[in-house]
Structure formats: C-alpha cells, structure tokens
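S.K.:
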Amino acid sequence: MSQTNRTALLQDSAYLEWPFFETRHAQLQQALDSWAAQHLLHPAHDPAQVGASCRALVSQLGQAGWLRHAVGGKQWGGLQDVIDTRAICLIRETLARHEGLADFAFAMQGLGSGAISLFGSAEQQARYLPRVVSGAAIAAFALSEPEAGSDVAAMQCSAVRDGADYVLNGEKTWISNGGIADFYTVFVRTGEAPGARGISAFIVDADTPGFSVVEQIDVIAPHPLARIRFENCRIPVSQRIGEAGQGFKVAMATLDVFRTSVAAAALGFARCALQEALQRSTTRKMFGQTLADFQLTQAKLAQMAMAIDSSALLIYRAAWQRDQGKKVTKEAAMAKYVATESAQQVIDMAVQMFGGMGVVSQVKVESLYREIRALRIYEGASEVQQLIIAREMLKEFSAAQSATEQQARQEA
Ligand SMILES: Cc1cc2nc3c(=O)[nH]c(=O)nc-3n(C[C@H](O)[C@H](O)[C@H](O)COP(=O)(O)OP(=O)(O)OC[C@H]3O[C@@H](n4cnc5c(N)ncnc54)[C@H](O)[C@@H]3O)c2cc1C
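Okay, structure coming up:
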C-alpha cells in the first residue's frame, strides 16, 4: 500500500472519542501517528541485524520523547508520576500498526524498567530511569526459565546472600532484548519461603562479571531474544528491588501494568491487517468485479471489524479502570485473551484475501501473520488468561454468596 493511502486510511480515530479517554489521550495518539508515519519508514529489518535495528529504534523513541510514557516518576524524566495505562496502550497500538519492532522497543523499555518505576529505591530510580527515558540504556525483564515458563514459581535460578552481596547462579530463557540490554531486571529464588514467597528481584548490569548471553534465539518474527546465564555473578544488596522474598509480587505487579498493553499491540496489528484487507479487496479485480463486492468477503470484513471493536472496548475498559486505581486482574486478562486471539483470526482472514500474495515474504500481511503469534504465548498464555478470568469470577461469586448469607443471618 502506498504511504499516501496508508496515511489516509489510518486517520480513522473516532474511537478516541470514547468516554475512556481524556483530550490528552487523543492528542497523544494523533501526534504519535504523524510522527510514526514520518519516521518509521524502515525497509524490512534484516534478521541478522535485528539487535542493531532495535537499538536504533530505542534511541529514536527516546529522542522523540515517547519513552517518557514508559516510566513513572517526573523527577526521572517520566511524563507522569504513575504510568498512564491508557497512554501506553495507545502508544503500543499505534506503533504496532506502523511497525512491530518499534512497538517491541517501546514495550521492553517499560517492562524492563517497570519494577524499578514501581518498587525501586530512589537511588535505583535515579541511576536507571533517566537513561531508559532517553534511550541511552536498554532494559530487559528476566523471569522465564527453561523449566519455569507458565509455572513461574517453579524457577530454579538462585541468589545466595554473602555479606553485602548476593551471588546469582542459573539460567533464564526467552529474554527479550537479551544480548543488547544494558541491564536486566531478574527474578530469582532467594529461599525466604517455599514457592512464590521465596523469590526476590534484582537489577543486573550487563557488564557484571559472571553474567553471559549463552544463546541468541531466532523466532518467526525476528526480535532480540536470548538465553542468559549467571555463574557466581556477584551483585551488591543495593541492587535488590524491594524486600527479600517479595519478587513474585514485584513481577506480577509489573505484568499487571503491561499485560493490557500486549492486548493493545495485538489490536494495532489487527487494525493494520484490516486496512490492508480493505485496500486489497476493493482493488483486486476478479469475475468482473472486485473481491470486496462478494458477500463472502463482506462477511469477513464485518467479522474483522467486530473483533477489532470488541478488543478495543475490552482494552480501554481495563486501561481506564487501572488508571482509576482499581484492580484489573480479570479485565486485563479478558483484554489480553480476546485481543490476541481475535487479532490472529483477523490477520489470517487478511492473508486469505491476499491469496498467493499473502504468503510472500515481507508482504505486510505475511509479516503480521508471524508477528502476532507470540503474543498469545508470552506474558501469560491464552490458557493462563482463561484460568485467571475464571478464578477471579469464582472468587467474586463466593464473596457475593458469603455476603448474602451474612445478611440473611443478620436479618434472622
Ligand atoms: C517472543 C517471546 C518473547 C518473550 N519474552 C520474554 C521476556 O522478555 N522475559 C521473560 O521472562 N519471558 C519471556 N518470554 C517467555 C514467555 O513468557 C513464556 O514463553 C510463557 O510464559 C510460556 O512459558 P513456556 O514457553 O515455558 O511454555 P509452557 O509453560 O511450557 O506452556 C506451554 C503451553 O501450555 C499451555 N498451558 C500453560 N498453562 C496451562 C494450563 N494451566 N492449562 C492448560 N494449558 C496450559 C499454553 O498453551 C502454553 O503455551 C517470551 C516468550 C516469547 C515466545
């Protein structure tokens, strides 16, 4: 699609008038959309150079001021003291619509430094956050291990206290920005209690002796991704984020902020696929008319539009609710499940409409088809989201039942 057409189509921003948003949100989205149309015009990224491309994008996003939204704390360069969930969702949606790697670069600066924004000491915040905001330091979030993915509490990687230091040993895998990050927020077992209550969070600088990147992992949509290792890696106690044994809480609170934004990235990919499908189906001639003239195509376009609007409603409900200071465990899980699963279907329908062109390498819908897949797995696979939704609903049901029983007893 030509840039002129893309720009014209991308101006459909009626949803910004929904009551979830304030005027500043619409202004932010429109400013970013114009910036992205001018600056994110990269040709397809060479998979072998994806680390360098990502570094360049972080620096570009930092210089343009967009990374100010990714951290909390005005004194460290953040735009607000508390991360604005609607803003990060709009940014991820918009960047994803223009370029997947730009969304990834933005998201990882936020996720990788999120624990420092939320729970870091003033010294940690002063040391890391200004460089995250400017793009001078690249952040990573290291939770998963080869034997502990969905079951986070099964982690083996450990830290043992030795005087004024901790000594880390073990491996983490699937670490986004692994190999290019300047620092890693790492969650390891410190053993204060069994399971999830015996985990602590630390900041490990990439140049710390005993830290190494042992494998770069190639994935279907190229991103910097690695397996990392700690071998007698010694870090001072001052690098611990929050209290000892509170690491699981730190990790979950960080994911709570960013989970809805994964859904927003999926929404951006889906919107891009719909626009590609509209463009293609209204211009592709067949059987004496265009593809869009067939009712079977119109049914697909309608399904795509409904999937996109229902995802957007769930995403911005969760983001708005979180910005009101309310708990969003269930709402964020609903948004992530629906947006990622339905974006996959929307993109698949777009590929189908493109016919053979849809599976040609680097054609936009082909890239989207690869790009969306991992979002249904990371930051909690779809099955995990379903379990969260049901668990929260059962808790609410049980609480409502107890309240009714108590009221009945009081009235008796
Ligand atoms: C591209 C990419 C980037 C990533 N980036 C990071 C990162 O930056 N930092 C980080 O720490 N991790 C990262 N991850 C890891 C990611 O969070 C894990 O892959 C995810 O948690 C799943 O863990 P796993 O791969 O070990 O799969 P497993 O835990 O083995 O799960 C496999 C499958 O089992 C199913 N499943 C899981 N639980 C249940 C259940 N209760 N009932 C039924 N079915 C279930 C799901 O379909 C799941 O996909 C990334 C992963 C990918 C693919």
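Position 9 of the sequence shown, counted from 1, bears residue number 633 in my numbering, the numbering being contiguous throughout. All C-beta atoms, glycine included, are put in the ideal place defined by N, C-alpha and C. Note that the structure is a prediction, hence the values are computed from the model and not measured.
(1) Am I right that Ala-889 and Leu-999 are in contact with their C-beta atoms under 8 Å? What's the rounded C-beta distance?
(2) Based on Cα-Cα distance, which residue from Gly-701, Trp-659, Gln-749, Glu-1016 lies nearest to Gly-866?
(3) How far does the alpha helix (DSSP H) with Asp-972 in it reach, from first residue to last?
(4) For the candidate residues Phe-872, Tyr-639, Ser-683, whose alpha-carbon lies nearest to that of Pro-818?
(5) Less than 6 Å between the CB of Tyr-593 and some heavy atom of ligand 1, yes or no?
(6) Comparing alpha-carbon positions, which option in Ala-887, Tyr-1002, Ala-931 lies nearest Thr-964?
(7) Restricting to Cα atoms, I'd like to know which of Thr-718, Met-973, Met-732 is closest to Phe-765.
(8) Please tell me whether, using a cut-off of 6 Å, the distance from the CB of Ala-1005 to the nearest non-hydrogen atom of ligand 1 is below it.
(9) Looking only at its chain, what residues have a beta carbon closer than 6 Å to the beta carbon of Tyr-961, apart from the 5 residues adjacent to it on each side?
(10) Using the rule of at least 16 other Cβ atoms within 10 Å of the residue's Cβ for burial, across every protein chain shown, is Tyr-1002 buried or exposed?
(11) If you follow the alpha helix (DSSP H) that Lys-924 is part of, which residue opens it and which one closes it?
(12) In its own chain, which residues sit with a C-beta less than 6 Å from the C-beta of Leu-633, not counting the 5 before and 5 after it?
(13) Could you tell me the alpha carbon to alpha carbon distance between Ala-720 and Glu-771, rounded to whole angstroms?
(14) Which residue comes first and which comes last in the beta strand (DSSP E) that contains Thr-814?
(15) For Leu-640, is the beta carbon positioned less than 6 Å from some heavy atom of ligand 1?
(16) Taking the C-alpha atoms as reference points, what is the distance between Val-640 and Gln-651?
(17) May I ask you to check if the CB of Ile-827 is nearer than 6 Å to at least one heavy atom of ligand 1?
(18) Can you name the residues that DSSP bridges to Gly-794?
(19) For ligand 1, is there a heavy atom less than 6 Å away from the beta-carbon of Leu-665?
(20) Could you spell out where the alpha helix (DSSP H) holding Ser-737 opens and where it closes?
(21) In the DSSP assignment, what are the bridge partners of Val-828?
(22) So what does DSSP say about Ala-845, is it helix, strand or coil?
(23) Report the option in Met-981, Gly-892, Met-973 whose CA atom is closest to the CA atom of Ile-939.
(24) Can you confirm whether the region 840-857 touches the region 796-814 when touching is taken to mean that 3 or more C-beta pairs between the two stretches lie within less than 8 Å?
(25) Around the Cβ of Lys-988, are there at least 16 other Cβ atoms within 10 angstroms (buried) or fewer (exposed)?
(26) According to the Cβ coordinates, are Val-756 and Ser-737 closer than 7 Å?
(27) Could you give the first and the last residue of the continuous alpha helix (DSSP H) run that contains Ala-638?
(28) Below 8 Å, can you find three or more Cβ-Cβ pairs linking the region 803-816 to the region 774-781?
(29) Keeping to the same chain, check which residues put their C-beta closer than 6 Å to that of Ala-942; ignore five residues upstream and five downstream.
(30) With distances taken from CA atoms, which of Leu-681, Asn-856, Ala-680 is nearest Asp-789?
(31) Closer than 6 Å by C-beta to Phe-743: which residues in its own chain qualify, once you throw out the five before and the five after it? Chain order, please.
(32) Would you say the beta carbon of Phe-1021 comes nearer than 6 Å to a heavy atom of ligand 1?
(33) What does the Cβ neighbour count give for Ser-677, buried or exposed, with the cut at 16 atoms within 10 Å?
(34) Go ahead and pull the three-state DSSP assignment for Gly-696.
(35) According to DSSP, is Asp-786 helix, strand or coil?
M.R.: Put simply:
(1) 7 Å
(2) Gln-749
(3) 953-978
(4) Phe-872
(5) The chain is shown only over 625 to 1036; residue 593 falls outside these bounds and no answer can be derived.
(6) Ala-887
(7) Met-732
(8) yes
(9) Ser-1006, Gln-1009
(10) exposed
(11) 919-947
(12) Note on Leu-633: pLDDT 49, under 50, position unreliable in the model; no value is reported.
(13) 30 Å
(14) Taken as a continuous stretch (DSSP letters only), Thr-814 belongs to no beta strand (DSSP E), as it is neither H nor E.
(15) no
(16) Val is not the amino acid found at residue 640; the sequence shown has Leu there. So the alpha carbons of these two residues sit roughly 9 Å apart.
(17) no
(18) Phe-854
(19) no
(20) 724-743
(21) Tyr-808
(22) coil
(23) Gly-892
(24) yes
(25) buried
(26) yes
(27) No alpha helix (DSSP H) contains Ala-638, which DSSP labels as neither H nor E.
(28) yes
(29) Thr-884, Val-952, Glu-955, Ala-956, Ala-959
(30) Asn-856
(31) Ile-865, Gly-866, Val-874
(32) no
(33) buried
(34) strand
(35) strand
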